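First residue of the sequence shown? That's 1161 in the numbering used here, and the numbers climb one at a time after it.
All residues carry an ideal CB built from backbone N, CA and C; glycine is no exception.
Source: prediction; values computed, not measured.
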Amino acid sequence: MARLRTAAPRVGRLQPRVARLAETEADRSRLRDAAEGWRAWYKTARWQRLRWSVLVRDLFTCAMCGRIEGNTSQLVCDHVEPHRGDEERFWAGPFQTLCKPCHDGAKQRSERSGRRASGWARRLGA
């Protein structure tokens, strides 16, 4: 038991080896914004105009599930092909409208697995 009591002060002085986890979604978003500079492009007026034109073009309809959403905060102007920080690909498109559940669920899973299962691919017959 004596060893455990003497180890406690030493443990407290150890440098943390794991990055502090974000406590809230806002903290998590700020950390990602700082780590990935291209995320600032989403906050530009240029992106907002482009996003709006895609939502109007697609009649506020999700390309994956066909849901029509009047609340535009629940719609995402999605890059059909991931840009991965490449500025030319970021602005060039192609784009599609997705509802938040489809974008945050099925689309993200398909991108992580390397499959291309988006609404755009279905429309093109891929």
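Pick from the options that is closest to residue i, judged by C-alpha positions
| i | options | result |
| --- | --- | --- |
| Met1224 | His1263, Leu1215 and Glu1196 | His1263 |
| Arg1211 | Gly1245, Gly1197 and Phe1250 | Phe1250 |
Check whether residue i and residue j have beta carbons under 8 Å apart
| i | j | result |
| --- | --- | --- |
| His1243 | Phe1255 | no |
| Thr1232 | Leu1258 | no |
| Glu1196 | Gly1245 | yes |
Sequence-distant residues of the same chain with beta carbon closer than 6 Å to residue i, five excluded per side
| i | result |
| --- | --- |
| Thr1221 | Ile1228 |
For residue j and residue i, the rounded distance between their alpha carbons
| i | j | result |
| --- | --- | --- |
| Thr1204 | Glu1248 | 15 Å |
| Ser1273 | Arg1206 | 31 Å |
| Gln1234 | Ala1194 | 25 Å |
| Ala1200 | Asp1187 | 16 Å |
| Ser1270 | Gln1208 | 26 Å |
| Val1236 | Glu1183 | 25 Å |
| Trp1280 | Glu1241 | Reliability fails at Trp1280, whose pLDDT of 47 lies under 50, so the model's placement of it is uncertain and no value is given. |
| Ala1266 | Gly1226 | 14 Å |
| Gly1230 | Asp1218 | 12 Å |
Heavy atom of the ligand MG within 7 Å of residue i beta-carbon
| i | result |
| --- | --- |
| Arg1209 | Within the structure as shown, the ligand MG is missing, as the structure has no ligands at all. |
Proximal residues to residue i (C-beta, below 8 Å), its chain only, five neighbours per side dropped
| i | result |
| --- | --- |
| Lys1260 | Gln1234, Leu1235 and Val1236 |
At which residue ranges does the region 1220–1262 contain complete beta strand (DSSP E) runs of 3 or more residues, listed in the order of the chain?
-> 1235–1239 and 1255–1259
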